[in-house]
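Each remark here refers to the structure printed beneath this line.
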Amino acid sequence: MCGIIGYTGKNRAAPIVLQGLRKLEYRGYDSAGMASALNGALYFKKAAGKIDDIDKKYELGELPGNTAIAHTRWATHGGVTQENAHPHTDCKNSIAVVHNGIVDNYQELRSALIRKGHVFDSETDTEVIPHLIEEYLKEGNTFEQATRLASQKLEGSYAFIVISLDTPGRILAIRKDNPLVIGIGRHGTFAASDTLSLQECESVVFPDDGELAILRSDGVDFLDIEGEQIEKESSTLDMNNYQYDKGSYEYFMLKEIMEEPQAIRAATIQDEQIFTRLAMDILRARQVVITACGTSRYAALVGRYLFSDVAKKFCDVVMASEFEYFSKSIDGSTLVIAVSQSGETADVIEGIKRAKANGAQIVSIVNRYGSVLSRMSDDVLYLGCGPEVAVAATKSMVSQMAIFYLLAYAMRNEFKIAANNLRHLADELERTLKGNGKGIVRLAEAFKDIEDFYYVARGMNSPIASEAALKLKEISYIHAEGLPAGELKHGTLALIDDGTPVVVLCPNDNTFSDTISNGIEAKARGAYIIGVSDIEHELFDFWIKIPHVDGFLYPLISVAPLHLLAYYLALKRGTDPDKPRNLAKSVTVK
Ligand code: M6R
């Protein structure tokens, strides 16, 4: 979490950095700040709040100079206060640092630095970084050496960008386990958390762990972990893939839900040969384990059913934050599939490190090009659904399920058939989204004051029940549970009362009649039943109609109206669906 950016170049830095920072706001939005350098002085502005509010009050974009760094925060260490906002500085205010990640040993470092006379202004772990650099500078090291040495003292994960008064026009950037991209443009150079925030860059370089990037206005040098100069490969950046705006939509989330059909179409544009090769690897592997978090995990759970039903290949899905506790059974005959929209999720990366160390083959399903996860994997399958900005994952999940569908059919040598089915599905989904909008708005109005929501389904639809509940909690703050319908009677049924909304996902597939029976049990306790199905049933108090599709495709189509329901409930309750409280899009801390 947290977004960092720096620019040094021929143009005034603050407006450029501010524009990039806004694009990083999905990473955290509880405080923000900027530092710039000009004529032997550092200038700072920082505060708690969202970037636009801070900019209105403090005019971030007005900071002087052609070199600036900035930060948008998701608090980990220390409350949401101005003092804890970044940048952080050394004792003399001559070094400024913005950081994404966690310094695990900060307390020990802080105490040692305090003993040496350093004075701290914040409660953050980050503040040890400028003080450490200051300390190494005192010992006679250059700025580059001091920054490298300081980084080597840090335990945990980090990407940080630093400027110093003593080296005007220069920015240093370094990472370990957290994302960092260096951009080279016509008028200057950038360091940032992601490619989305870069502007007018012709090429980008992704530093590896421990490598230091030294940015000047006219180019970038790289030092390896030993401090030796190295050549890094750069890749070109097609800026068209990185542009995003809300278009005519009020929120990114609605735009991204409406893009779900297009996301399915984009997911089908794949290299069949790669899919076939990976499908064979999956079939051959002694065991296949899928790992992911949150919504990506629900897509993985759908994938698990698809592998089993379509290709008769059993696999397991392990929540990434629990992966390490299973890692002893991961070995060279295991194929691990990591699913992550951002490709940055710390829990996933941690699990993949362990799996790699144990010799497993790693395949990742990722949206973000050049992400940490994609660079750690033996093979990467890209979603290609474009930037997803709203914190709530929507179109990326639909893409992930489409990729699993393609993989499952590739195991049967039927990739082309699957791609075709998906393209038809995309058209159906477009109609479904259009056809259900008004009814869902009415439903949201009727239930806007409710405090509990339940979602049930069976088989490969049951992860969609969990996903729908997660989305509702995440953006509308309504308590919700999603569970396999057969589990209701094992406990949760006790919570069903007069008028409790229970969404019953029961497409006309092999799960229909059993799921209806479970719905009837809920209705007998007073539940208000919202049916999601392609056939109407007397059980339903409200019917969300989906089209009849290939049985293995129902999860991809039924999730969309439930994303809409969560969205409209959030609007009716007056919450911001794009920026839910306490959350961030990229979860780069464990
Ligand atoms: O980037 P990832 O797919 O790895 O993110 C995983 C979860 O953090 C993410 O899906 C989260 O659950 C969403 N905000 C849910 O909408």
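The numbering used here puts the first residue of the sequence shown at 884, with every later residue one more than the last.
Note that the Cβ used here is the ideal one computed from N, Cα and C, for glycine as well.
Three-state secondary structure assigned by DSSP to residue i
i	result
G923	coil
R1464	coil
K827	This structure cannot settle anything about residue 827, because the visible part of the chain is limited to 884 through 1473.
F836	This structure gives no information on residue 836, because the portion of the chain shown stretches from 884 to 1473.
R956	strand
L1055	strand
S1469	coil
Y1292	helix
T1228	coil
R1099	strand
Q1244	strand
M917	strand
T1078	helix
K1115	coil
P1346	helix
G1365	strand
M1141	helix
P1384	strand
K1211	helix
Q1170	strand
V1045	strand
T1151	coil
A1340	strand
K1196	coil
V1011	helix
V1255	helix
D1089	For clarity, residue 1089 is Phe in the given sequence; the question names Asp instead. If DSSP states are grouped into helix, strand and coil, F1089 belongs with coil.
G886	strand
D1332	coil
S1191	helix
A1182	helix
S1216	coil
D1310	helix
A1162	helix
S1204	helix
L904	helix
S1034	helix
T1487	Beyond the ends of the chain as shown, which are 884 and 1473, falls residue 1487; an answer cannot be given.
Cβ separation of residue i and residue j, assumed to be a contact under 8 Å, to the nearest whole Å
i	j	result
I1429	L1422	Not a contact, Cβ separation roughly 16 Å.
V980	T1009	6 Å
S1247	V1263	5 Å
Y827	N1296	Given that the chain is displayed from residue 884 to residue 1473, the structure contains no residue 827 and the question cannot be resolved.
K1036	L1015	6 Å
N894	N949	7 Å
L1095	L1081	Their Cβ separation, rounded to whole angstroms, is 19 Å, which puts L1095 and L1081 out of contact at 8 Å.
A930	G916	7 Å
S1495	G1052	The first residue shown for the chain is 884 and the last is 1473, placing residue 1495 beyond what the model contains.
A1467	R1058	Their Cβ separation, rounded to whole angstroms, is 18 Å, which puts A1467 and R1058 out of contact at 8 Å.
G1267	I1152	6 Å
P1062	E1334	That pair is no contact at about 38 Å.
N1483	S1005	Because the chain is modelled from 884 through 1473, residue 1483 falls outside the range shown and cannot be assessed.
T1383	Y1337	7 Å
Is it a yes or a no for the stretch 1317-1327 touching the stretch 1216-1227, going by three-plus beta-carbon pairs under 8 Å?
Not touching, per the Cβ criterion.
Contact between the stretch 1274-1290 and the stretch 1439-1446: three or more CB pairs below 8 Å?
Result yes; three or more Cβ-Cβ pairs closer than 8 Å.
Hey, which unbroken runs of the beta strand (DSSP E) at 3 residues or more fall wholly within the stretch 1388-1459?
Runs found: 1411-1416, 1425-1428.
Validate contact between the stretch 1297-1306 and the stretch 923-937 using beta carbons, cut 8 Å, 3 pairs:
Under the 8 Å Cβ criterion, the stretch 1297-1306 does not count as touching the stretch 923-937, having fewer than three qualifying pairs.
Closer than 8 Å is the cut-off here; do at least three beta carbon pairs connect the stretch 991-998 with the stretch 957-964?
Counting Cβ pairs under 8 Å, fewer than three are found: no touch.
The stretch 1083-1093 touching the stretch 1112-1121, judged by at least three CB pairs closer than 8 Å
Judged by pairs of C-beta atoms under 8 Å, the stretch 1083-1093 touches the stretch 1112-1121, as three or more such pairs exist.
Tell me the start and end of each unbroken beta strand (DSSP E) in the stretch 935-1008 that is at least 3 residues and wholly inside, in chain order.
Within the stretch 935-1008, the complete beta strand (DSSP E) runs of at least 3 residues are 950-956, 978-986.
Contact the stretch 1185-1194 vs the stretch 1132-1148: 3+ CB pairs below 8 Å:
No, the stretch 1185-1194 does not touch the stretch 1132-1148.
contact_flag[the stretch 1349-1366, the stretch 1389-1399] where n(CB pairs < 8 Å) is 3 or more
Contact check between the stretch 1349-1366 and the stretch 1389-1399: fewer than three CB pairs, one atom from each, fall below 8 Å, which does not count as touching.
The stretch 1234-1253 / the stretch 1199-1212 touching (three or more Cβ pairs under 8 Å):
Two segments are said to touch when three or more pairs of C-beta atoms, one from each, lie closer than 8 Å; by this definition the stretch 1234-1253 touches the stretch 1199-1212.
Could you check whether the stretch 1326-1333 touches the stretch 1367-1377, counting it as contact only if at least three pairs of C-beta atoms, one from each stretch, sit closer than 8 Å?
Touching, no.
Do the stretch 1305-1321 and the stretch 1344-1354 make contact, defined as three or more Cβ pairs closer than 8 Å?
They do not touch, by the three-pair rule.
Say whether the stretch 1284-1296 touches the stretch 1395-1411, bearing in mind that this needs 3 or more beta-carbon pairs closer than 8 Å, one atom from each stretch.
Contact annotation: the stretch 1284-1296 does not touch the stretch 1395-1411, with fewer than three C-beta pairs closer than 8 Å.
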